[in-house]
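Peer 1: Per the working numbering, the very first residue in the sequence shown carries number 3; after that it's consecutive.
Got a structure here, written out as structure tokens. Questions coming.
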Amino acid sequence: MKATWEGIISFGNIDIPIALYKATEEHGDLDLHQVNAKDLASLPLPDKKRINVLASVDAGSIDPMLLGQAYYVGGTDPITDQWYVLFRDALRESGQVAVTKVTLGARESLAVLRAYDDLLVLQSMSRPGGVRRPTGIAPRGDITVRPEELKMAMHLMDILSVGFDLDEVQVHDDYP
């Protein structure tokens, strides 16, 4: 797997050299490169090669609607792998994620670092004001659901979930 970004995680006084690897693939997306890499490299972006940890927060406090592209975070220096493992384990044991600032491409954005199996994962974030309000989309507010109907729907969900394995789901894209 080819690294898409290299830099460091800055965690207090600790700098951890790392590389990012795209964790997901989007098939069928057009990849448009309309920015000259030489011009981009000269832009005065702060900390272009640094992931600055701003704070740690409970993992459940981040709205999933804010989360975007995921990247595996790999250590690049065996000497500092101890710091990588320490940071990963601290996030895992605390049930927290690290809110960070990072410059990927041409813009600085928020991201979260979280423990995932034996790795760290960086996931880009929209700013809290960046999620559009779903005005006029939800069903009207005067609909009532009887407790029996809710119980039936939950039972149906349980029935449909028996033996379900997401890895076995086949999705076909009929477009070339």
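Virtual Cβ for every residue (Gly too), placed ideally from N, Cα, C.
Nothing here was measured: the structure is a model prediction, and the numbers come from that model.
What is the DSSP secondary structure of A61, counted as helix, strand or coil?
Peer 2: Helix, per DSSP.
Peer 1: Is DSSP giving I11 helix, strand or coil here?
Peer 2: Residue state, collapsed to three classes: strand.
Peer 1: Excluding the 5 residues flanking R94 on each side, which residues of the same chain have their C-beta closer than 6 Å to its C-beta?
Peer 2: Around R94: A117.
Peer 1: Cutting at 7 Å between CB atoms, please list the residues of its own chain near L56, excluding the five before and the five after it.
Peer 2: Cβ within range, chain order: V101, T102, K103.
Peer 1: Using only CA atoms, which one of M3, W85, Q98 lies nearest to I11?
Peer 2: Of the listed residues, the one whose Cα sits closest to I11 is W85.
Peer 1: Go ahead and pull the three-state DSSP assignment for A155.
Peer 2: Note: A155 maps to helix in three-state DSSP.
Peer 1: What beta strand (DSSP E) runs, 3 residues minimum, are completely inside the stretch 114-163?
Peer 2: Complete beta strand (DSSP E) runs here, min 3: 121-127.
Peer 1: Does Q84 come out as helix, strand or coil in the three-state DSSP assignment?
Peer 2: Of the three classes helix, strand and coil, the one that applies to Q84 here is helix, per DSSP.
Peer 1: Which residues mark the beginning and the end of the beta strand (DSSP E) in which A2 is found?
Peer 2: Any property of residue 2 remains undetermined from this structure, which presents the chain solely from 3 to 178.
Peer 1: Kindly indicate which three-state DSSP category E95 falls into: helix, strand or coil?
Peer 2: It is helical.
Peer 1: Between the Cα of G70 and the Cα atoms of H157, L115, P80, which residue gives the shortest distance?
Peer 2: Measuring from the Cα of G70, the nearest candidate turns out to be L115.
Peer 1: Nearest to A108 by CA position, among M3, K51, D169, is which residue?
Peer 2: Here the closest residue by C-alpha is K51.
Peer 1: Report buried or exposed for G97, applying the criterion of at least 16 other Cβ atoms within 10 angstroms of its Cβ.
Peer 2: The residue in question, G97, is exposed, as its Cβ has fewer than 16 Cβ neighbours within 10 Å.
Peer 1: On the DSSP bridge list, what partners appear for E110?
Peer 2: According to DSSP, which records beta bridges pairwise, E110 is partnered with T105.
Peer 1: How many angstroms separate the CA atom of N15 from the CA atom of N54?
Peer 2: When rounded, the distance between both Cα atoms is 11 Å.
Peer 1: List the DSSP bridge partners of G76.
Peer 2: Bridge partners of G76: A21.
Peer 1: Mark M127 as exposed unless 16 or more other C-beta atoms lie within 10 angstroms of its C-beta, in which case mark it buried.
Peer 2: M127 is buried by the Cβ-count criterion.
Peer 1: What separation, rounded to the nearest whole angstrom, lies between the Cα atoms of R81 and V59?
Peer 2: The residue you asked about is not Arg; residue 81 is Ile in the sequence shown. Roughly 28 Å between the two C-alpha positions.
Peer 1: Using only CA atoms, which one of K24, Y23, G9 lies nearest to D17?
Peer 2: Comparing Cα-Cα distances from D17 to each of K24, Y23, G9, the minimum goes to G9.
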